[in-house]
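Following: one structure in structure tokens, then a few remarks.
Residue numbers (full-length UniProt numbering): 1 to 397.
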């Protein structure tokens, strides 16, 4: 159905999948934003004071664009889960939802009385997704984990360092790959569980770990750890141009011969050490050095245009701002403008498209606790007096 994501178990006239979102920071919010992007109704439960990234820069009039990027299209309600009335409201909301997503440290939700076993007793159709650093039920489950910790402990950082010949230490972590990957995997796993629910009528627990997620990237490295090749793997790195950098990846013999034609050195194709893929890999540094002698005296855009016209895979290095402003990105809908109370800004759209349903960022960024009255009235049927009583009992902090 175009325009919204309908529950795979729902009948005619049913509404979108309803998601109760207990997540904060990055991995969990990215998962639930993707769910909102395909039309799910997402209710974000925030602690008094809000998700900690509401105050992370870049800020505009005190509002975080970083927070907005991860949380646009969701409703916001504040509940104090350290207070019994707040937990009770959360439990009642869970009975009316299809999906729960949480990324507390393992065991926290159980202690709050909001764990899967307890909630599933009352809502057996519930799909309950937990995202954590190391997963549940193992010796490392209780460890604090953010992406930099997981990048280091997974072997990812040292594997990356091994591909940088001049590196003397592992790389700094500034782009949180483990978080984004875990959020994306959780997004897919939730939909798989919903499809299984449509078949069996039963929900289930989904466990997604940042560690497992980033390990899934290390396919070649996993095999090399068991069966060492004995020589460094050739890598595709930046070649200097006169005004920047370009990467060239002549992976096939056809690409290689086309590259030599552009360089004006077709004879290299019959020169010992450069004739075959295996020979070039054995002499990779020298081979790429020859190419760089040609690129370094030419503008990157000129090199890119010449090689692209010849069918050689290549790209000049661009800033993200250049990508955002590129007409091709605009035409492809890779970014979309959203709004919060401080004005418009651009965010990435989901990295997939469908032929018969919409997948794009929706709505706006909610103010903290903006939808409390709406959610409590429409889902729980609470009137003003009951909401006031819950407030007096500390439900909202």
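Note that beta-carbon positions come from the ideal geometry of N, C-alpha and C, so glycine has one too.
Terminal residues of the beta strand (DSSP E) in which residue i lies
| i | result |
| --- | --- |
| residue 343 | 343 to 348 |
| residue 352 | Where residue 352 is concerned, there is no enclosing beta strand (DSSP E), given that its DSSP letter is neither H nor E. |
| residue 44 | 41 to 46 |
| residue 337 | 335 to 340 |
| residue 244 | 244 to 248 |
| residue 127 | 127 to 132 |
| residue 239 | 239 to 241 |
| residue 22 | 18 to 22 |
| residue 315 | 314 to 316 |
| residue 78 | 75 to 78 |
C-alpha gap between residue i and residue j, whole angstroms
| i | j | result |
| --- | --- | --- |
| residue 279 | residue 272 | 8 Å |
| residue 393 | residue 224 | 59 Å |
| residue 345 | residue 81 | 32 Å |
| residue 302 | residue 32 | 42 Å |
| residue 215 | residue 388 | 48 Å |
| residue 99 | residue 18 | 6 Å |
| residue 266 | residue 260 | 5 Å |
| residue 244 | residue 328 | 21 Å |
| residue 339 | residue 61 | 13 Å |
| residue 398 | residue 147 | With the chain represented from 1 up to 397, any question about residue 398 goes unanswered, as that position is not in the structure. |
| residue 11 | residue 198 | Per-residue confidence for residue 11 stands at a pLDDT of 37, beneath the threshold of 50, marking its modelled position as unreliable; the derived number appears in the next sentence. Using only the alpha carbons, I get a separation of about 11 Å. |
| residue 164 | residue 315 | 20 Å |
| residue 177 | residue 397 | 34 Å |
| residue 161 | residue 233 | 12 Å |
| residue 276 | residue 64 | 53 Å |
| residue 227 | residue 92 | 53 Å |
| residue 46 | residue 353 | 30 Å |
| residue 383 | residue 97 | 20 Å |
| residue 381 | residue 247 | 59 Å |
| residue 120 | residue 319 | 47 Å |
| residue 2 | residue 151 | Per-residue confidence for residue 2 stands at a pLDDT of 41, beneath the threshold of 50, marking its modelled position as unreliable; the derived number appears in the next sentence. Their Cα atoms are separated by approximately 39 Å. |
| residue 295 | residue 94 | 59 Å |
| residue 168 | residue 174 | 18 Å |
Own chain partners of residue i with C-beta closer than 7 Å, once the 5 adjacent residues on each side are dropped
| i | result |
| --- | --- |
| residue 134 | 140, 141, 143, 145, 209, 211 |
| residue 29 | 23, 70, 71 |
| residue 109 | 102, 115 |
| residue 13 | Low confidence applies to residue 13: its pLDDT is 39, below 50, so where it sits in the model is not reliable enough to give any reading. |
| residue 112 | 81, 87 |
| residue 366 | 74, 75, 76 |
| residue 159 | 218, 221 |
| residue 56 | 64, 66, 67 |
CB-CB length for residue i against residue j, believed under 8 Å
| i | j | result |
| --- | --- | --- |
| residue 347 | residue 336 | 6 Å |
| residue 262 | residue 310 | 5 Å |
| residue 359 | residue 37 | 6 Å |
| residue 53 | residue 77 | Going by Cβ atoms, the distance from residue 53 to residue 77 rounds to 17 Å, so no, they are not a contact pair. |
| residue 156 | residue 218 | 7 Å |
| residue 202 | residue 125 | 7 Å |
Opening and closing residue of the alpha helix (DSSP H) in which residue i lies
| i | result |
| --- | --- |
| residue 370 | Counting along the chain, residue 370 falls outside any alpha helix (DSSP H), and DSSP gives it neither H nor E. |
| residue 328 | 327 to 332 |
| residue 222 | 219 to 226 |
| residue 388 | 384 to 392 |
Same chain, Cβ closer than 6 Å to residue i, five either side skipped, listed in chain order
| i | result |
| --- | --- |
| residue 50 | 368 |
| residue 41 | 16, 18 |
| residue 182 | 27, 131, 208, 210, 213 |
| residue 313 | 249 |
| residue 34 | 187, 350 |
| residue 372 | 77 |
| residue 281 | 234 |
Own chain residues within Cβ distance below 8 Å of residue i, not counting five before or after
| i | result |
| --- | --- |
| residue 85 | 390, 393, 394, 395 |
| residue 378 | none |
Does the segment 205 to 212 touch the segment 125 to 142, meaning 3 or more C-beta pairs lie closer than 8 Å? yes
Is it the case that the segment 287 to 295 contacts the segment 236 to 251, given that we only count it when at least three CB pairs across the two stretches are under 8 Å? By the C-beta criterion, the segment 236 to 251 is judged to be in contact with the segment 287 to 295, since at least 3 inter-stretch pairs fall below 8 Å.
Does the segment 52 to 68 come into contact with the segment 348 to 355, if we say contact requires no fewer than three beta-carbon pairs (one atom in each stretch) closer than 8 Å? no
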